[in-house]
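*Asks:* A single structure is presented below for examination.
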Amino acid sequence: MEVVIVKDAKAGGELIAGAIADLLARKPDALLGVATGSTPLPIYDALIARTGAGDVDASRARICQLDEYVGLPAGHPESYRATVLRQVVEPLGLPESQFMGPDGSADDVQAACEAYDKALAEAGGVDLQILGIGTDGHIGFNEPCSSLASRTRIKTLIEQTRIDNARFFDDDIDQVPHHVITQGIGTILDARHLVLLATGEGKAEAVAQTVEGPVSSLVPASALQLHRHATVVVDEAAASKL
Ligand code: GLP
């Protein structure tokens, strides 16, 4: 695992956008796994700026989701599908045909999970997966005690994650879904390159446990220690407990 400490979130975003640019130069139709939340936004901003300036050709890039809420009506603005469309796919000018994600409104959620795992494999696997980290060390929506070998499946959110995400739902925790679909930790580890960005002091404890603690299902992000090409980019505040 490579740990890179940068000055701030903007520098982290630019560094990772640079890695994506290098990937797209080598493989124009790379499959890029994207995360939601506030942390990755500087990555997307930097990538969109580079494509706008003509430095990067992302026109053939393929984008895939990491996770999704279950039960939100199709098109709900806070569904992760809508969020990724708004933050990444549309600003990059990509057609929806180059974007894939699990169906959180499916009648048979289990079948939707299995179908998504299969679709990722059939697409050739994720080339670079961007990850954030929850305050409890979760990646995607793999909460503590998730199996390190898990595949895409339905999960129940713990209270803290619903509290953390209430800000996207008018600060009303009752609007935050209880259930989600998430790529499993085993699914995430199948990506060729994992890039986790963590910024701010609130992530410092989770980062320390991820990087310096034992590999444990209690800290799902610690599974990155098992990956042959994992990069953890942290700003000075998030690195403060290393
Ligand atoms: C959600 C997402 C994660 C994300 C986490 C942290 O739980 N499912 O993928 O890493 O939030 O979000 P933020 O970056 O806003 O702290």
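Taking this note's numbering, the leading residue of the sequence shown gets 95, the next gets one more, and so forth. Using N, Cα and C, we set each Cβ at its ideal position, and we do this for glycine too. Computed from a prediction, not measured in an experiment: that's the story for all the values here.
(1) With a threshold of 6 Å, establish whether the CB of T133 neighbours any heavy atom of the ligand GLP.
(2) Quick one: using the 10 Å Cβ neighbour count with 16 as the cut-off for buried, is S132 buried or exposed?
(3) Which of the three DSSP states, helix, strand or coil, is assigned to E172?
(4) Compute the distance between the beta-carbons of V97 and V305, then report whether it is under 7 Å.
(5) Taking L160 and G234 to be in contact with their CB atoms under 8 Å, please state how far apart those CB atoms are, rounded to whole angstroms.
(6) On the DSSP letters alone, give me the boundaries of the beta strand (DSSP E) that K101 sits inside.
(7) Would you call C158 buried or exposed, if buried means 16 or more other Cβ atoms sit within 10 Å of its Cβ?
(8) Quick one: what does DSSP say I252 is sitting in, helix, strand or coil?
(9) Looking only at DSSP bridge pairs, what is N236 linked to?
(10) Would you mind sorting Q204 into buried or exposed? The rule is 16 or more other CB atoms within 10 Å of its CB.
(11) Starting from D329, trace the beta strand (DSSP E) both ways and give me its first and last residue.
(12) Beta-carbon separation of I279 and S244 under 7 Å?
(13) Per DSSP, which one or two residues make a beta bridge with Y163?
(14) Sorry if obvious, but does the Cβ on A45 come closer than 6 Å to a heavy atom of the ligand GLP?
(15) For E208 and G165, I'd like the C-alpha separation in whole angstroms.
(16) Name the two residues that bound the continuous beta strand (DSSP E) containing L222.
*Replies:* Taking the definition as stated:
(1) Numbered from 1 along the sequence shown, position 39 holds the residue referred to as residue 133. It does: the Cβ of T133 is within 6 Å (strictly closer) of some heavy atom of the ligand GLP.
(2) As a working note, residue 132 is residue 38 in the sequence shown. When all chains shown are included, S132 counts as exposed.
(3) In the sequence shown, counting from the first residue as 1, residue 172 sits at position 78. Here E172 sits in coil by DSSP.
(4) One-based indexing of the sequence shown puts residue 97 at position 3. One-based indexing of the sequence shown puts residue 305 at position 211. Their beta carbons are under 7 Å apart, which means V97 touches V305 by this criterion.
(5) Walking along the sequence shown from the start, residue 160 turns up at place 66. Walking along the sequence shown from the start, residue 234 turns up at place 140. About 5 Å separates the two Cβ atoms, so the contact holds.
(6) Along the sequence shown, read from residue 1 onward, the residue named residue 101 stands at position 7. Element bounds for K101: n/a, residue is neither H nor E.
(7) Residue 158 sits at position 64 when you count from the first residue of the sequence shown. Its Cβ being crowded by 16 or more others within 10 Å, C158 is buried.
(8) Numbered from its first residue, the sequence shown carries residue 252 at position 158. If DSSP states are grouped into helix, strand and coil, I252 belongs with coil.
(9) As a position in the sequence shown, residue 236 is number 142, starting the count at 1. Its beta-bridge partners are I233.
(10) Here residue 204 is taken as the residue at index 110 of the sequence shown, counted from 1. Q204 should be labelled exposed.
(11) Residue 329 sits at position 235 when you count from the first residue of the sequence shown. Run containing D329: A324 to D329, per the beta strand (DSSP E) assignment.
(12) Here residue 279 corresponds to residue number 185 of the sequence shown, with the count starting at 1. Here residue 244 corresponds to residue number 150 of the sequence shown, with the count starting at 1. Cβ atoms of I279 and S244: closer than 7 Å.
(13) Locating residue 163 in the sequence shown gives position 69, where the first residue counts as 1. In the DSSP output, where bridge partners are listed per residue, Y163 has V274.
(14) No answer is possible for residue 45: the residues shown for the chain start at 95 and end at 336.
(15) Taking the sequence shown and counting its residues from 1, the one referred to as residue 208 is at position 114. Taking the sequence shown and counting its residues from 1, the one referred to as residue 165 is at position 71. So the two alpha carbons sit approximately 17 Å from each other.
(16) As a working note, residue 222 is residue 128 in the sequence shown. Segment L222 to L225, the beta strand (DSSP E) holding L222.
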